[in-house]
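For the sequence shown, this note's numbering begins at 4 and goes up steadily by one.
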Amino acid sequence: MEQVIYFEDYQAGHVRVTTGRTITETDFVVHAGHTGDFFPHHMDAEFAKTLPFGQRVAHGTMVFAIGVGLTATLINPVAFSYGYDRLRFVRPVFIGDTIRTRVTIAAKEDDPKRPGQGRVVERCEVINQRDEVVLAADHILLVDRRPAG
Numbered sequence: 004m005e006q007v008i009y010f011e012d013y014q015a016g017h018v019r020v021t022t023g024r025t026i027t028e029t030d031f032v033v034h035a036g037h038t039g040d041f042f043p044h045h046m047d048a049e050f051a052k053t054l055p056f057g058q059r060v061a062h063g064t065m066v067f068a069i070g071v072g073l074t075a076t077l078i079n080p081v082a083f084s085y086g087y088d089r090l091r092f093v094r095p096v097f098i099g100d101t102i103r104t105r106v107t108i109a110a111k112e113d114d115p116k117r118p119g120q121g122r123v124v125e126r127c128e129v130i131n132q133r134d135e136v137v138l139a140a141d142h143i144l145l146v147d148r149r150p151a152g
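Right under this line is the structure:
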């Protein structure tokens with residue numbers, strides 16, 4: 004869905020939560036293949052039994068990619084991703100966990116380089132089926148200001 008949302012329209016504190024996505028064995032295998040990260044704590048069930056969690060742990064980069072992908076339900080043609088800050092892997096994610104992403108407008112500020120745009124910071128928290136935060140990051144958007152007129 005496409006919706007124009009100008010910088011002035013963003014409201015600090017606004018929250019939206021995505022639908023859920025259950026993490027599967029296939030996710031582990033495909034992500035390992037894409038990244039080359041075949042570390043045993045992701046891929047070796049017997050090895051993982053010897054670790055504190057007792058089972059394989061999802062790649063943090065996979066949880067980040069899926070968590071961000073869950074937020075991609077709205078296309079704002081006047082906004083552009085400037086990047087992510089403060090990425091943290093807070094808790095492990097396992098096969099069978101269902102994750103959702105909670106997006107909160109955390110801040111709005113002028114962009115010092117672009118007078119026609121502002122910066123919007125979306126605090127992205129990936130949460131599991133127990134509503135525990137498993138990953139957190141700040142997504143920075145460059146957003147056009149409303150045209151004068």
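All C-beta atoms in this analysis are idealised placements derived from N, C-alpha and C, irrespective of residue type, glycine included.
The alpha helix (DSSP H) enclosing residue i, as first and last residue numbers
i	result
Val130	Residue identity check: residue 130 is Ile in the sequence provided, not Val. Looking at the DSSP string, Ile130 is not in any alpha helix (DSSP H); the run it does join, the beta strand (DSSP E), is 120 to 130.
Leu73	63 to 73
Glu49	48 to 51
Phe31	28 to 38
Neighbour-count burial assignment, residue i, 16 or more Cβ in a 10 Å radius
i	result
Val137	buried
Val106	buried
Glu28	exposed
Ile78	exposed
Gly16	exposed
His61	Just to set this straight, residue 61 is Ala in the shown sequence, not His. Label assigned to Ala61: buried.
Val129	buried
Ala82	buried
Phe31	buried
CB contact flag (residue i, residue j, <8 Å)
i	j	result
Asp141	Arg59	no
Ile143	Gly72	no
Thr101	Asn131	yes
His34	Met4	no
Gly99	Thr25	yes
Arg93	Ala139	The question names Arg, but residue 93 in the sequence shown is Val. The answer is yes: Cβ separation under 8 Å.
Start and end residues, beta strand (DSSP E) containing residue i
i	result
Gly83	Rather than Gly, the amino acid found at residue 83 in this sequence is Phe. That run of the beta strand (DSSP E) goes 82 to 92.
Asp12	Asp12 -> no beta strand (DSSP E), and no H or E assigned at all.
Asp111	Checking the displayed sequence, the identity of residue 111 turns out to be Lys instead of Asp. Where Lys111 is concerned, the enclosing beta strand (DSSP E) stretches over 101 to 113.
Asp134	Run containing Asp134: none; DSSP gives neither H nor E here.
Touching or not, the segment 109 to 124 and the segment 35 to 44, by the rule of three or more beta carbon pairs under 8 Å?
-> The answer is no - the segment 35 to 44 does not touch the segment 109 to 124, with fewer than three Cβ pairs under 8 Å.
May I ask you to verify whether the segment 9 to 25 touches the segment 117 to 128, counting CB pairs closer than 8 Å and requiring at least 3?
-> Yes, the segment 9 to 25 touches the segment 117 to 128.
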